[in-house]
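S.K.: Below: one structure in structure tokens.
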Amino acid sequence: MKFGGSLLASHQGIRRAGDIVERTRKAGDEFVVVVSALGEVTDVLLQAANDAKSWSEDEILEAIDELRRTHQLAAEHSSLQKDEKEAVLDDIEASLEKLREALLGISILKELSPRSRDLVVSFGERMSAPIVSAEIRSRGLDSSSLTGGEAGIITDDTFGEAAPIHGATVRAVRRRLLPMLERGEVPVVTGFIARSKGGEITTLGRGGSDYTATLLASSLGADEVWIWTDVNGILTADPRVVKKPATVPQLSYAEAEELAFFGAKNMHPLALGPARTAAVPVRIKNGFRPELPGTLITKEQTKSRGVVKVVAVVRNVGLLTVAGETLQGRPGVAADVFSALASNRVNVLMISQSVSEANISMIVRRTSLKLAEKALRRELRNQGIVVEGDPEVSVVAAVGAGMRGERGVAAKIFGAIASRGINIRMIAQGSSELNVSLVVNEGDADDAVRALHDQIVNQVRRSRE
Ligand code: ADP
Ligand code: ASP
Ligand code: MG
Numbered sequence: 000m001k002f003g004g005s006l007l008a009s010h011q012g013i014r015r016a017g018d019i020v021e022r023t024r025k026a027g028d029e030f031v032v033v034v035s036a037l038g039e040v041t042d043v044l045l046q047a048a049n050d051a052k053s054w055s056e057d058e059i060l061e062a063i064d065e066l067r068r069t070h071q072l073a074a075e076h077s078s079l080q081k082d083e084k085e086a087v088l089d090d091i092e093a094s095l096e097k098l099r100e101a102l103l104g105i106s107i108l109k110e111l112s113p114r115s116r117d118l119v120v121s122f123g124e125r126m127s128a129p130i131v132s133a134e135i136r137s138r139g140l141d142s143s144s145l146t147g148g149e150a151g152i153i154t155d156d157t158f159g160e161a162a163p164i165h166g167a168t169v170r171a172v173r174r175r176l177l178p179m180l181e182r183g184e185v186p187v188v189t190g191f192i193a194r195s196k197g198g199e200i201t202t203l204g205r206g207g208s209d210y211t212a213t214l215l216a217s218s219l220g221a222d223e224v225w226i227w228t229d230v231n232g233i234l235t236a237d238p239r240v241v242k243k244p245a246t247v248p249q250l251s252y253a254e255a256e257e258l259a260f261f262g263a264k265n266m267h268p269l270a271l272g273p274a275r276t277a278a279v280p281v282r283i284k285n286g287f288r289p290e291l292p293g294t295l296i297t298k299e300q301t302k303s304r305g306v307v308k309v310v311a312v313v314r315n316v317g318l319l320t321v322a323g324e325t326l327q328g329r330p331g332v333a334a335d336v337f338s339a340l341a342s343n344r345v346n347v348l349m350i351s352q353s354v355s356e357a358n359i360s361m362i363v364r365r366t367s368l369k370l371a372e373k374a375l376r377r378e379l380r381n382q383g384i385v386v387e388g389d390p391e392v393s394v395v396a397a398v399g400a401g402m403r404g405e406r407g408v409a410a411k412i413f414g415a416i417a418s419r420g421i422n423i424r425m426i427a428q429g430s431s432e433l434n435v436s437l438v439v440n441e442g443d444a445d446d447a448v449r450a451l452h453d454q455i456v457n458q459v460r461r462s463r464e
């Protein structure tokens, strides 16, 4: 079971995690716990790693003090007795000292490599895991904490987005965790972080703790993965955008993967892969309301009458348009466009080409938009092509298996958006027919989500009630 940072950082969150562990263990289940960093700690660490290049020693100490306060507060709100609390705070102090040294190194060298960034961000989970493990021990259970690397997750050395090495991981995880489980212990593993073959700390990418949980589950042959968070499961839309979204009771791996890709619940886009391959069901549940059923993710694809199950939004993307007469009827040009992007390691999230073939529109991460524009201008300069980039757009996606073969869905979707006077900049439908995605100006994204949710998702809800 994995406990998310949003749950752990809320008042009582660590106690609730302790309650769940205690109850499940006493019911006779054996399991591994995976934890995220508390709340926004990963963001704070990433920012600190970037800023440290220009920080003085005092500024580093201020950042360390803020992190100390966050973790002290979490320990205060836990069930730990005085001695246990002191031991945990000593452990955290030791991590903060190592973090201080890492930040100082960055500030002296005025240089941040992907490798040192991973080292810095790893401290979030390395500080939350000992608190959760102590909370579990305070309930009379045996528990110890270990890093993802110590637990056996071995990756390549693509720092920041490391890829797990399957066979080596399965063997190491089993060797390390099975004996602990056999002894009746509850291992608490840091999510998100792993180690390279050379023994260095790597991270799996943002939202990676869910990925850690499914990797461990598939390696250990677990029966289920439980993801505990601060909302009732996967909701029909982001609760920060839409009032009272409903909980989706069931999703297929394919639908959930689509949603992870589109950023719903900030889940790592690859997190469902290991669960799907090993056919391990995944439950997403609210740690504050464990009696609720939550969302169950399995291979079954229910084509419910609710054509659109979830409306998701991807922010921080940019729209790239390539236009020119030469695109018409010259097949090689499109290939040149994509190979120029690929050789610059720009990941294309969405593509659409106009019927006239005079332009191709693409969506890329906002952080790679400038690089993509430059690469295309450089490599296509002799082909009479105009490249334009717009950083202020968002993708709104309607996801649900029921769209397959259902006529009129696209018309309903466009109608809902048009009724709010929102301009659609680009449209794409995945060949899986699990989603229809629209690109709108960033400022229109929330309105577009509300329009789709009110007029499509809620209409079906109302007609059922
Ligand atoms: P955790 O800390 O448990 O990993 P995340 O931050 O990854 O949680 O994601 C949970 C948050 O995602 C929720 O608090 C909710 O505000 C937000 N969210 C956005 N879209 C959705 C959605 N469709 N379903 C559920 N949560 C969503
Ligand atoms: N702490 C990491 C992040 O914020 C991993 C996770 O929470 O899943 O991305
Ligand atoms: Mg998360």
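Residue numbers (numbering that gives the first Met the number 0): 0 to 464.
Heads up, the beta-carbon is just placed ideally off N, CA and C, and yes, glycines get one too.
Please read these numbers as outputs of a predicted model, since none were measured by experiment.
1) Would the beta-carbon of Val119 be found less than 8 Å away from any heavy atom of the ligand ADP?
2) By the 10 Å Cβ neighbour count, where 16 or more other Cβ atoms means buried, how is Asn265 classified, buried or exposed?
3) Name the DSSP beta bridge partners of Thr246, please?
4) List the endpoints of the continuous beta strand (DSSP E) containing Asp389.
5) Got a sec? Which residues, its chain only, sit under 6 Å from Arg136 by beta carbon, not counting five neighbours each side?
6) Could you spell out where the alpha helix (DSSP H) holding Ser208 opens and where it closes?
7) Identify which residue in Gly4, Asp389, Arg114 and Glu257 has its Cα closest to the Cα of Gly399.
8) Skipping 5 residues on each side, what residues in its chain have a beta carbon closer than 7 Å to that of Leu214?
9) Anyone know if the C-beta pair for Ala396 and Asn346 falls short of 9 Å?
10) Tell me whether Ser355 is buried or exposed, calling it buried when 16 or more other Cβ atoms sit within 10 Å of its Cβ.
11) Is any heavy atom in the ligand ASP found nearer than 8 Å to the beta carbon of Phe191?
12) Would the C-beta of Asp229 count as close to the ligand ADP, meaning under 8 Å from any of its heavy atoms?
13) Please report the straight-line C-alpha distance between Arg114 and Gly104, rounded to a whole angstrom.
14) So which of Ser53, Pro129, Arg403 and Ser418 has the shortest CA-CA distance to Leu37?
15) Along the chain, where does the alpha helix (DSSP H) containing Ala62 start, and where does it finish?
16) For Arg125, is the classification buried or exposed, using 16 other Cβ atoms within 10 angstroms of its Cβ as the cut-off for buried?
17) Given Trp466, which residues of its chain have a CB within under 6 Å of its CB, disregarding the five upstream and five downstream residues?
18) Whole angstroms is fine: what's the gap from Asn49's alpha carbon to Val43's?
19) Quick check on Asn231: buried or exposed, where buried means 16 or more other Cβ atoms within 10 Å of its Cβ?
20) Quick check: what's the CA-CA separation for Ala450 versus Val131?
21) CA-CA distance, Asp335 and Gln327?
22) Would Val394 be called buried (16 or more neighbouring beta carbons within 10 Å of its own) or exposed?
23) Sorry if obvious, but does the Cβ on Lys264 come closer than 8 Å to a heavy atom of the ligand MG?
24) If you measure between the beta carbons of Asp209 and His267, is that distance less than 9 Å?
25) In angstroms with no decimal places, state the Cα-to-Cα distance between Met179 and Val172.
26) Below 8 Å on the Cβ atoms is my contact criterion, and I expect Val309 with Ala263 to pass it. Report the Cβ-Cβ distance as a whole number of Å.
M.R.: A quick look at the data gives this:
1) no
2) exposed
3) Leu234
4) Val385 to Val398
5) Ser142
6) Gly207 to Leu219
7) Glu257
8) Ile152, Pro163, Thr168 and Pro273
9) no
10) exposed
11) yes
12) yes
13) 13 Å
14) Pro129
15) Glu56 to His76
16) buried
17) Residue 466 cannot be examined here, being either before or after the span of the chain that is shown, 0 to 464.
18) 10 Å
19) buried
20) 41 Å
21) 14 Å
22) buried
23) yes
24) yes
25) 11 Å
26) 6 Å
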